[in-house]
Every structure is written in C-alpha cells, then in structure tokens.
Amino acid sequence: MPQWLQWSLIIAGLIAIVLLAVFIRRQMGLLSENRKRQAKAEAFQTNRRQDMIRSVHVIAMAVEEDQIEYSEACLRLKGLLDHIAPELLEQSPFSVFQEVHDQLQHMPTHRARQATETKFVDKMDKERFEVEQKHADAIRRAATAIRHHSFSG
Numbered sequence: 001m002p003q004w005l006q007w008s009l010i011i012a013g014l015i016a017i018v019l020l021a022v023f024i025r026r027q028m029g030l031l032s033e034n035r036k037r038q039a040k041a042e043a044f045q046t047n048r049r050q051d052m053i054r055s056v057h058v059i060a061m062a063v064e065e066d067q068i069e070y071s072e073a074c075l076r077l078k079g080l081l082d083h084i085a086p087e088l089l090e091q092s093p094f095s096v097f098q099e100v101h102d103q104l105q106h107m108p109t110h111r112a113r114q115a116t117e118t119k120f121v122d123k124m125d126k127e128r129f130e131v132e133q134k135h136a137d138a139i140r141r142a143a144t145a146i147r148h149h150s151f152s153g
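Be aware that the sequence shown starts at 1, since it is given in the UniProt record's numbering, and climbs by one per residue.
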C-alpha cells in the first residue's frame, strides 16, 4: 500500500474520530440540558401540587368555620381535587363535592352572573341555598375529612 494512501487513511480516521467526539460531546450537553429541564418541571409540578393541597386545607377550614358559602367551597374543592386526587370525588364522604358541583354547574358565575337579569339571579340563588341546606351536614363532614386527609404521591 503506498505511503500516501496510508497517511490519507490515518488523516481520514483522525477526522472521523474528531467529528465523532464533537458529536458525542454535543449529545451529552443536550442530554444534560434535558435532565435539568425535566428536574425543573418536576419541581414545579411538586410545588404546584403542594400549593393545591394547601388550598384544599384552607378551604376546608373556611367551611368548618363558616367563612365561605358551601356552594363556592364545593365548586372550588371539586376543581382542586380534579387535579390532585380525582378518585376521592367518587368516595364517601368526598362525593358530596361532586354532587353539589353537578347540581350547580349550570349557574353562571363572575361576569356572566353580573350580566344576568336580577330576577334570574335571585331564582338561582334560591336554588343554590336550597342545595346548600340540603347537603350542609355532608359538606361539613367532608370538609373535616378532607382537611385531615393525607394526600400521597
């Protein structure tokens, strides 16, 4: 084999090694960056979950101390539980949150409520108060239970 061909193959081999080394280094950097991003996202999700659990406990305490309307508490607790423990909404005593939500979900809230005719709002309020009275004891029991519930995961 001629010497120039040997040198050409050696140089081609070195170029291939350098290119592969650069490629491997770049891939390791991307992998490291992805791990950092994933760890940050997991930390965010963990913090978000803990914030929602704290919100559940605060709302439950507000129910126990009659500082919040039961209908509003049920709507908020149902929404939070949908994210942190949806299976609880099917279990007693927590199913009352889902039940009250289902009975009140057709009612407008916030701006939609403000834009609704006063007569209709009064009628809906009467219906809402009846639902609250009907489920008051169950809502209080469920609020106490959810406040003492230890959310795993």
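Note that CB positions come from ideal geometry on N, CA and C, so glycine has one too.
Pairwise C-alpha distance: residue j and residue i
i: I24; j: R35; result: 16 Å
i: E64; j: M28; result: 54 Å
i: R46; j: A39; result: Before going further, note that residue 46 is Thr rather than Arg in the sequence given. Their Cα atoms are separated by approximately 10 Å.
i: S55; j: Q67; result: 14 Å
i: P2; j: S8; result: 10 Å
i: L88; j: R26; result: 46 Å
i: D125; j: H57; result: 26 Å
i: L19; j: Q91; result: 60 Å
i: R141; j: L80; result: 18 Å
i: A21; j: A41; result: 30 Å
i: R76; j: L30; result: 41 Å
Residues near residue i by beta carbon distance below 8 Å, same chain, minus five either side
i: Q103; result: V131
Residue i vs residue j beta-carbon contact at 8 Å
i: R147; j: A62; result: no
i: A73; j: A138; result: no
i: P93; j: A145; result: yes
i: F97; j: K123; result: no
i: F151; j: A85; result: yes
i: S71; j: R128; result: yes
Counted within 10 angstroms of its Cβ, other Cβ atoms place residue i as buried (16 or more) or exposed
i: H101; result: buried
i: S32; result: exposed
i: E117; result: exposed
i: L5; result: exposed
Proximal residues to residue i (C-beta, below 7 Å), its chain only, five neighbours per side dropped
i: I53; result: I84 and F151
**Study point:** Unbroken stretches of the alpha helix (DSSP H), 4 residues or longer, contained in the UniProt domain "DUF2489" (17-146)
**Key:** 70-84, 95-104 and 110-114
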